[in-house]
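Q:
There are 2 protein chains.
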Amino acid sequence: MPELPDLYVYAENLRKQLLNKKIIEVKTFAAKKINVSPQAFVDGITGDYFADITQDGKEIKFSLSNGNSFYVHLMLSGIFTVSSKYIDPNLFNKITALFFEDETILSISDRQMMAKIEFNPKVRQVPDALSEGFTYPYFLSLVLGSSRRNIKALLLDQKCIRGIGNAYCDEILYNAGVSPKSITGKIPEEKIEELYEHIKETLLWGIENIKYISPNIISGEIRDFFNVHNKRLRKTKKGEMIIVEQIASKKTYYTRQQEVYE
Amino acid sequence: MPELPDLYVYAENLRKQLLNKKIIEVKTFAAKKINVSPQAFVDGITGDYFADITQDGKEIKFSLSNGNSFYVHLMLSGIFTVSSKYIDPNLFNKITALFFEDETILSISDRQMMAKIEFNPKVRQVPDALSEGFTYPYFLSLVLGSSRRNIKALLLDQKCIRGIGNAYCDEILYNAGVSPKSITGKIPEEKIEELYEHIKETLLWGIENIKYISPNIISGEIRDFFNVHNKRLRKTKKGEMIIVEQIASKKTYYTRQQEVYE
DNA sequence: GCCCCAAACAACGA
DNA sequence: CTCGTTGTTTGGGG
Numbered sequence: 298m299p300e301l302p303d304l305y306v307y308a309e310n311l312r313k314q315l316l317n318k319k320i321i322e323v324k325t326f327a328a329k330k331i332n333v334s335p336q337a338f339v340d341g342i343t344g345d346y347f348a349d350i351t352q353d354g355k356e357i358k359f360s361l362s363n364g365n366s367f368y369v370h371l372m373l374s375g376i377f378t379v380s381s382k383y384i385d386p387n388l389f390n391k392i393t394a395l396f397f398e399d400e401t402i403l404s405i406s407d408r409q410m411m412a413k414i415e416f417n418p419k420v421r422q423v424p425d426a427l428s429e430g431f432t433y434p435y436f437l438s439l440v441l442g443s444s445r446r447n448i449k450a451l452l453l454d455q456k457c458i459r460g461i462g463n464a465y466c467d468e469i470l471y472n473a474g475v476s477p478k479s480i481t482g483k484i485p486e487e488k489i490e491e492l493y494e495h496i497k498e499t500l501l502w503g504i505e506n507i508k509y510i511s512p513n514i515i516s517g518e519i520r521d522f523f524n525v526h527n528k529r530l531r532k533t534k535k536g537e538m539i540i541v542e543q544i545a546s547k548k549t550y551y552t553r554q555q556e557v558y559e
Numbered sequence: 298m299p300e301l302p303d304l305y306v307y308a309e310n311l312r313k314q315l316l317n318k319k320i321i322e323v324k325t326f327a328a329k330k331i332n333v334s335p336q337a338f339v340d341g342i343t344g345d346y347f348a349d350i351t352q353d354g355k356e357i358k359f360s361l362s363n364g365n366s367f368y369v370h371l372m373l374s375g376i377f378t379v380s381s382k383y384i385d386p387n388l389f390n391k392i393t394a395l396f397f398e399d400e401t402i403l404s405i406s407d408r409q410m411m412a413k414i415e416f417n418p419k420v421r422q423v424p425d426a427l428s429e430g431f432t433y434p435y436f437l438s439l440v441l442g443s444s445r446r447n448i449k450a451l452l453l454d455q456k457c458i459r460g461i462g463n464a465y466c467d468e469i470l471y472n473a474g475v476s477p478k479s480i481t482g483k484i485p486e487e488k489i490e491e492l493y494e495h496i497k498e499t500l501l502w503g504i505e506n507i508k509y510i511s512p513n514i515i516s517g518e519i520r521d522f523f524n525v526h527n528k529r530l531r532k533t534k535k536g537e538m539i540i541v542e543q544i545a546s547k548k549t550y551y552t553r554q555q556e557v558y559e
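Protein sequences appear in the order of chains A and B. Counting from 298, one number per residue, gives the positions in the first sequence under my numbering. Counting from 298, one number per residue, gives the positions in the second sequence under my numbering.
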């Protein structure tokens, strides 16, 4: 559920709370949600401390000073919790809990048990949408490279660009004035460039809004400020009717004013 | 273009004209349309004679007395020609010509050069629609085995049943009263059995009609007797309006009276 | 709303 | 109207 901007702010806030604090104990409660044995995970972390915590695509990367690291993907309903009191893991479908020397506890849990952890992960080849690797030439090659693909399906494809989810995708397309029904090969090159700019702009705009509305957030999403992908709205600020429809297998919010290239 | 019934009659007629006649010369004109070298093809046939010629799926199988055999698939526009005078192969995009001792010549040609020959072919595992292997239990398992597949796509899939093409498929579904838009998993079992019977019945009906209308046919199709897949008709004999529409990626003729299971 | 996989479908060329 | 290949979409499960 959280997308790039949410996770970006989570990472900032997790850094503030957890960096450079010694991890004195690690418990795991769901072996299948971690790609290595509980033992290897616990041993790789215990006694060390986080040197960095960053957002990368739809994941958060926890980097230890000892060179180990792990990615957490929250999937649909995973959450981070930082607290000073220990809560029964069974009550909240906890996956793991890390105990720090100052008595704070980081828990990762998921009521649907879909969240997952990759310890010492393989390198992510696909660029994050706000990373330097996500250049315009790269994006252009993506769009031109698959001539008859639905544009929304492309933007959502984590094998092409990492970090954009269903909600921000609709906002990006709205801002760019491009219909989610458009086909890659039919979008003129200048529109592709505009779209590229709107990807970055919209995600940064999301980050700013989330930080403003909920500066300390480490789980849940803030979506109230959305202009189209917003179930509380019937019209955009500009007065355009918002249409809700299944497009590219996803619930999609858009307006008739967005140009359809097909 | 020709489907099982056409090819069945072609095979009968080719047998009448060619069986047990010595092949004294073989010429090939399109090496890429044969799966072996021209040399191997020529050598495997020359001096021998056809012991049998049979229809199998959408192909004709030529069996030589020496144990060799080859399949011919006419694809969209391939044709057999039997004549006593030799025609310049370049004029008719000839693929091969077989010369018999009695001066008859069998030519296989295709203006689109899509027809193909498989010499000493691998065994066809999938049953021909009129073969013994195409049993009701087999058909039932096909339909139930892929729960949400378009029924027309299934009937046309040569990896499931061999011999049914677009035209006879429409006739079969019309006779069975099943809409080409139906989904496999939604068809009740008694309808599946009816459909099975109509497959055999419709193909045999096709053979009878072709033999009656054009007893000596070895190329081209006879389609005038079709009840729905017939561009000259606006209504069936029973007065049902004929709808023409793209279904399962094929031009499809059907009526609203055919029940849609979906 | 997430990702993965398998199955089905669509477009193109030969 | 044929087949095969390739790329894309869809549906189900975790």
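No residue lacks a Cβ here, since even glycine has one placed at the ideal position from N, Cα and C.
1. Taking DSSP's pairing of strands, which residues face threonine 393 of chain B in a bridge?
2. Give the list of continuous alpha helix (DSSP H) stretches no shorter than 4 residues that lie fully inside the segment 452-484 of chain A.
3. Please classify valine 369 of chain A: is it buried, with 16 or more other beta-carbons within 10 angstroms of its beta-carbon, or exposed?
4. Whole angstroms are fine: how far does the CA of phenylalanine 523 of chain B sit from the CA of arginine 529 of chain B?
5. Determine the contact status of leucine 371 of chain B and alanine 327 of chain B, defining contact as a CB-CB distance below 8 Å.
6. Would you kindly report the start and end of the unbroken alpha helix (DSSP H) that includes aspartate 303 of chain A?
7. Between the Cα of valine 475 of chain B and the Cα atoms of B:Cys457, B:Asn447, B:Leu500 and B:Ile458, which residue gives the shortest distance?
8. In this structure, does DSSP put threonine 533 of chain A in helix, strand or coil?
9. Is the number of C-beta pairs between the segment 348-368 of chain A and the segment 431-446 of chain A that are closer than 8 Å three or more?
10. Where DSSP assigns a beta bridge to isoleucine 538 of chain A, which residues make up the other side?
11. For aspartate 425 of chain B, count the other beta carbons within 10 Å of its own beta carbon; 16 or more makes it buried, fewer makes it exposed. Which is it?
12. If you reduce the DSSP assignment to three classes, tell me which class asparagine 447 of chain A lands in.
13. Just to confirm before moving on: does the CB-CB distance between proline 343 of chain A and lysine 449 of chain A stay below 8 Å?
14. Pairs of beta-carbons, one from the segment 538-558 of chain A and one from the segment 299-316 of chain B, closer than 8 Å: are there three or more?
15. Would you please state the rounded distance, in angstroms, between the beta carbons of serine 417 of chain B and serine 334 of chain B? I believe it to be under 8 Å.
16. Shortest alpha-carbon distance to arginine 553 of chain B belongs to which of B:Thr499, B:Lys497, B:Asn472 and B:Thr325?
17. Figure out for me which residue from B:Asp454, B:Gln336, B:Leu452 and B:Lys319 has the closest Cα to the Cα of aspartate 399 of chain B.
18. Mark glutamine 352 of chain A as exposed unless 16 or more other C-beta atoms lie within 10 angstroms of its C-beta, in which case mark it buried.
19. Could you please give the first and the last residue of the uninterrupted beta strand (DSSP E) stretch that includes tyrosine 435 of chain B?
20. Out of B:Val440, B:Val525, B:Ile504 and B:Thr499, state which residue places its alpha-carbon closest to the alpha-carbon of lysine 483 of chain B.
21. Nearest by alpha-carbon distance to cysteine 466 of chain A: which of A:Tyr307, A:Leu452 and A:Glu322 is it?
22. Please classify threonine 348 of chain A: does DSSP put it in a helix, a strand, or coil?
23. For histidine 370 of chain A, name the three-state secondary structure that DSSP assigns.
24. Given that a residue counts as buried once 16 or more other Cβ atoms are within 10 Å of its Cβ, and exposed if not, what is asparagine 310 of chain B?
25. Note down, one range per segment and in chain order, each alpha helix (DSSP H) of at least 4 residues found wholly within the segment 484-531 of chain A.
26. Taking C-alpha atoms, which residue in B:Leu395, B:Lys391 and B:Ile357 lies nearest to phenylalanine 338 of chain B?
27. Quick one, are the C-beta atoms of lysine 488 of chain B and isoleucine 544 of chain B less than 8 Å apart?
28. Taking Cβ positions, are serine 516 of chain B and phenylalanine 377 of chain B nearer each other than 8 Å?
29. DSSP state of aspartate 425 of chain A, grouped into three classes?
30. Under the DSSP definition of a beta bridge, which residues are partnered with phenylalanine 338 of chain B?
31. If you draw a straight line from the alpha carbon of alanine 308 of chain A to that of cysteine 457 of chain B, how long is it in whole angstroms?
32. When DSSP labels each residue in this structure, what does lysine 330 of chain B get in the three-state scheme?
A: Well, looking at it:
1. Numbered from 1 along the second sequence, position 96 holds the residue referred to as residue 393 of chain B. Per DSSP, B:Thr325 and B:Ile405.
2. 463-473
3. Start at 1 with the first residue of the first sequence, and residue 369 of chain A comes out as number 72. By the 10 Å Cβ count, valine 369 of chain A comes out buried.
4. In the second sequence, counting from the first residue as 1, residue 529 of chain B sits at position 232. In the second sequence, counting from the first residue as 1, residue 523 of chain B sits at position 226. Taking the straight line from one Cα to the other gives about 10 Å.
5. Indexing the second sequence from 1 puts residue 371 of chain B at position 74. Indexing the second sequence from 1 puts residue 327 of chain B at position 30. No, Cβ-Cβ distance for leucine 371 of chain B and alanine 327 of chain B is not below 8 Å.
6. Working through the first sequence from its first residue, we reach residue 303 of chain A at position 6. Looking at the DSSP string, the run of the alpha helix (DSSP H) that includes aspartate 303 of chain A is 301-315.
7. By one-based count along the second sequence, residue 475 of chain B stands at place 178. The residue with the shortest Cα to Cα distance from valine 475 of chain B is B:Asn447.
8. By 1-based counting over the first sequence, the position of residue 533 of chain A is 236. Looking at threonine 533 of chain A - three-state DSSP - the assignment turns out to be coil, as it is neither helix nor strand.
9. no
10. Counting from one through the first sequence, the residue named residue 538 of chain A turns up at place 241. Per the sequence shown, residue 538 of chain A should be read as methionine rather than isoleucine. A:Lys532, per the DSSP bridge assignment.
11. Taking the first residue of the second sequence as position 1, residue 425 of chain B is located at position 128. Classification of aspartate 425 of chain B: buried, given that the 10 Å Cβ count is 16 or more.
12. Residue mapping note: residue 447 of chain A aligns to position 150 of the first sequence, counting from 1. It is a strand residue.
13. Numbered from its first residue, the first sequence carries residue 343 of chain A at position 46. Numbered from its first residue, the first sequence carries residue 449 of chain A at position 152. One point to set straight first is that residue 343 of chain A is threonine, not proline, in the sequence displayed. For threonine 343 of chain A and lysine 449 of chain A, no; Cβs fall outside 8 Å.
14. no
15. Position 120 of the second sequence, counted from the first residue, corresponds to residue 417 of chain B. Position 37 of the second sequence, counted from the first residue, corresponds to residue 334 of chain B. Note that residue 417 of chain B is asparagine in the sequence shown, not serine. At roughly 12 Å, the Cβ-Cβ gap does not stay under 8 Å, so asparagine 417 of chain B and serine 334 of chain B are not in contact.
16. The count along the second sequence starts at 1 and reaches residue 553 of chain B at position 256. Ranking B:Thr499, B:Lys497, B:Asn472 and B:Thr325 by Cα distance to arginine 553 of chain B puts B:Asn472 first.
17. Within the second sequence, residue 399 of chain B is the residue found at index 102, counting from 1. Minimum Cα distance to aspartate 399 of chain B is reached at B:Lys319.
18. Against the first sequence, residue 352 of chain A aligns to sequence position 55. So glutamine 352 of chain A ends up on the buried side.
19. Residue 435 of chain B sits at position 138 when you count from the first residue of the second sequence. No beta strand (DSSP E) holds tyrosine 435 of chain B; the alpha helix (DSSP H) holding it covers 433-442.
20. Locating residue 483 of chain B in the second sequence gives position 186, counting from the first residue. If we check each option's Cα against that of lysine 483 of chain B, B:Val440 comes out closest.
21. Against the first sequence, residue 466 of chain A aligns to sequence position 169. When only C-alpha atoms are compared, the closest one is A:Leu452.
22. Within the first sequence, the letter at position 51 stands for residue 348 of chain A. The identity of residue 348 of chain A in the sequence shown is alanine, whereas the question assumes threonine. Reduced to three states, the DSSP call for alanine 348 of chain A is strand.
23. The count along the first sequence starts at 1 and reaches residue 370 of chain A at position 73. Strand, per DSSP.
24. Position 13 of the second sequence, counted from the first residue, corresponds to residue 310 of chain B. Answer is buried; the Cβ neighbour count reaches 16.
25. 486-510
26. Stepping through the second sequence from its first residue, residue 338 of chain B is reached at position 41. Nearest of B:Leu395, B:Lys391 and B:Ile357 to phenylalanine 338 of chain B, Cα basis: B:Leu395.
27. Locating residue 488 of chain B in the second sequence gives position 191, counting from the first residue. Locating residue 544 of chain B in the second sequence gives position 247, counting from the first residue. Result no, Cβ atoms of lysine 488 of chain B and isoleucine 544 of chain B do not sit closer than 8 Å.
28. The residue given as residue 516 of chain B occupies position 219 in the second sequence. The residue given as residue 377 of chain B occupies position 80 in the second sequence. Contact: yes.
29. One-based indexing of the first sequence puts residue 425 of chain A at position 128. Residue state, collapsed to three classes: strand.
30. Here residue 338 of chain B is taken as the residue at index 41 of the second sequence, counted from 1. According to DSSP, phenylalanine 338 of chain B bridges with nothing at all.
31. The residue you call residue 308 of chain A lines up with position 11 of the first sequence. The residue you call residue 457 of chain B lines up with position 160 of the second sequence. Cα-Cα distance, rounded: 53 Å.
32. On the second sequence, position 33 is the one that residue 330 of chain B refers to. In the structure shown, lysine 330 of chain B sits in a helix (DSSP, three-state: H, G or I).
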